[in-house]
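To start, the structure under review is shown below, and the notes come after it.
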Amino acid sequence: MNAHKGWVTGLCAVGGGLASCGRDQALRLWSGALRPAAPPASLPDAPHALAACPSGAALYTAGSGGEVRAWRLVSEP
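Written as structure tokens, this is what we have:
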């Protein structure tokens with residue numbers, strides 16, 4: 535599977551699928567069948583780390599710009 539243009543710098547399980555980020559400054563969500571689950575999100579800089587909260591409601595990226603960003607995965611009613 536060629537998903538990122540460049541190195542993958544983070545991969546984690548979230549919900550029933552996966553999330554990945556890479557030097558291409560993209561955050562991608564994947565279904566359990568390893569198909570794209572949503573359009574990629576553009577990051578302001580290349581991330582070095584990726585983590586999911588235990589509930590699966592958010593992802594966190596840490597980038598080369600020194601920022602940690604939160605990405606909400608569920609919408610509120």
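Under our numbering, the first residue of the sequence shown is numbered 535, with each subsequent residue one higher.
Glycine residues also receive a C-beta, built at the ideal position from the N, C-alpha and C atoms.
Same chain, Cβ closer than 6 Å to residue i, five either side skipped, listed in chain order
| i | result |
| --- | --- |
| residue 572 | 563 |
Beta-carbon gap between residue i and residue j smaller than 9 Å
| i | j | result |
| --- | --- | --- |
| residue 578 | residue 597 | yes |
| residue 542 | residue 556 | yes |
| residue 604 | residue 544 | no |
Same chain, Cβ closer than 8 Å to residue i, neighbours up to 5 away in sequence not counted
| i | result |
| --- | --- |
| residue 559 | 576, 577, 578, 579, 580, 581 |
| residue 600 | none |
| residue 606 | 591, 592 |
Where the beta strand (DSSP E) containing residue i begins and where it ends
| i | result |
| --- | --- |
| residue 605 | 602 to 606 |
| residue 592 | 592 to 597 |
| residue 547 | 542 to 548 |
Contact test: residue i Cβ vs the ligand GTP heavy atom, cutoff 8 Å
| i | result |
| --- | --- |
| residue 606 | Questions concerning the ligand GTP fall outside what the structure shown contains, since it holds no ligand whatsoever. |
Residue environment, residue i, which counts as buried when at least 16 other CB atoms sit within 10 Å
| i | result |
| --- | --- |
| residue 589 | exposed |
**Prompt:** Which runs of the beta strand (DSSP E) spanning at least 3 residues fall entirely within the stretch 557 to 589, listed in chain order?
**Reply:** Segments of the beta strand (DSSP E) lying fully in the stretch 557 to 589: 560 to 564, 581 to 586.
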